[in-house]
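Counting from 1, one number per residue, gives the positions in the sequence shown under full-length UniProt numbering.
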Amino acid sequence: MAEPLPDAALDRLFRTSRSYNGYLDTPVAESDLRAIYDLMKFGPTAANQQPVRIVWCVSQEAKDRLAACASATNAAKISKAPVAVVLGMDLEFYEKLHKTFPHTDAKAWFMKKDGTPNEAAVEESAFRNSSLQGAYFLLAARAVGLDVGPMSGFDAAKVDAAFFAGQPVKVNFIATLGHGDPASIFDRLPRLDFEEATRIA
Numbered sequence: 001m002a003e004p005l006p007d008a009a010l011d012r013l014f015r016t017s018r019s020y021n022g023y024l025d026t027p028v029a030e031s032d033l034r035a036i037y038d039l040m041k042f043g044p045t046a047a048n049q050q051p052v053r054i055v056w057c058v059s060q061e062a063k064d065r066l067a068a069c070a071s072a073t074n075a076a077k078i079s080k081a082p083v084a085v086v087l088g089m090d091l092e093f094y095e096k097l098h099k100t101f102p103h104t105d106a107k108a109w110f111m112k113k114d115g116t117p118n119e120a121a122v123e124e125s126a127f128r129n130s131s132l133q134g135a136y137f138l139l140a141a142r143a144v145g146l147d148v149g150p151m152s153g154f155d156a157a158k159v160d161a162a163f164f165a166g167q168p169v170k171v172n173f174i175a176t177l178g179h180g181d182p183a184s185i186f187d188r189l190p191r192l193d194f195e196e197a198t199r200i201a
């Protein structure tokens, strides 16, 4: 039986970590990005679909290109961050199921009888499972000592055109990444109590 994580780890992953609006002038190495992915890829998805597709915006040109797709407030955060991240969902994830779920023909689950994709089923599954992977991304970044600022407030069509043109990929959400500047955050907002958000059936 697995032992609970120590409080220091739980604090880092959940209790004391925050969503950051700004970052210290400390670089993020490519090895950090690889370490994040190498953790998050082990998070479970339905039938091991792994539909998330990530663009790490490291260059200023890429960050500015993403900033041009975002609201004014978010644009400033994106341009100044050490790394900005586009988390997309592959709407042809089923083409890789022969590798990720090899013991059966899982691709067939997403095809109609005429052999064309069941677009509603594909998009629902891609969105759900890439969202799960997005959450794993946040926790993996925290686990390797980095901070994250996930955000909405962007034009999805513009992001898709800027980063996924000609690909069967659509953006799910975007984020900034780096070593968080404590001066950029506000007091923690309230969370719902157990009784407000859950029930035992």
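All residues carry an ideal CB built from backbone N, CA and C; glycine is no exception.
Keep in mind the model is a prediction, meaning the values are calculated, not measured.
(request) Can you say whether D32 is buried or exposed, counting buried as having 16 or more other CB atoms within 10 angstroms of its CB? (result) buried
(message) Excluding the 5 residues flanking A106 on each side, which residues of the same chain have their C-beta closer than 6 Å to its C-beta?
(response) A47 and L97
(request) Put N172 into one of helix, strand or coil per three-state DSSP. (result) strand
(request) Reducing DSSP to helix, strand and coil, say where V144 ends up. (result) coil
(request) Could you check what DSSP says for F154 in three-state terms: helix, strand or coil? (result) strand
(message) Quick check on the burial criterion: 16 or more other C-beta atoms within 10 angstroms. Buried or exposed for A141?
(response) buried
(message) Restricting to runs no shorter than 4 residues, where is the alpha helix (DSSP H) found entirely within the segment 28 to 96?
(response) The alpha helix (DSSP H) runs lying completely inside the segment 28 to 96 and spanning 4 residues or more are 30 to 40, 60 to 67 and 72 to 80, given in chain order.
(request) Just grab the DSSP bridge partners of M1 for me. (result) Answer is none; M1 lacks a bridge partner.
(request) Mind checking which residues open and close the alpha helix (DSSP H) that includes L192? (result) Neither: L192 is in no alpha helix (DSSP H) and is coded neither H nor E.
(request) Starting from the Cα of P44, find the closest Cα among F163, R128 and R65 and give me that residue. (result) Nearest to P44 by C-alpha distance, out of F163, R128 and R65, is R128.
(request) Below 6 Å CB to CB, which residues in the same chain sit around L66 once its five sequence neighbours on both sides are set aside? (result) C57, I78 and A84
(request) Compare the C-alpha of I54 against each of S125, V171 and K112 and name the closest. (result) With distances taken between Cα atoms, I54 lies closest to V171.
(message) Count Cβ pairs between the segment 105 to 124 and the segment 10 to 21 that sit closer than 8 Å; are there 3 or more?
(response) Touching, no.
(request) From the DSSP output, in three-state form, read off Y20 for me. (result) DSSP places Y20 in coil when its eight states are reduced to three.
(message) Could you compute how far the alpha carbon of A62 sits from the alpha carbon of E196?
(response) 42 Å
(request) Using DSSP bridges, identify the partner residues of G115. (result) Its beta-bridge partners do not exist; DSSP assigns none.
(request) Provide the residue(s) that pair with residue 208 in DSSP beta bridges, ordered along the chain. (result) For residue 208 there is no data in the structure shown, the boundaries of the chain being 1 and 201.
(message) Looking only at its chain, what residues have a beta carbon closer than 8 Å to the beta carbon of R18, apart from the 5 residues adjacent to it on each side?
(response) D147, G180, I185 and R188
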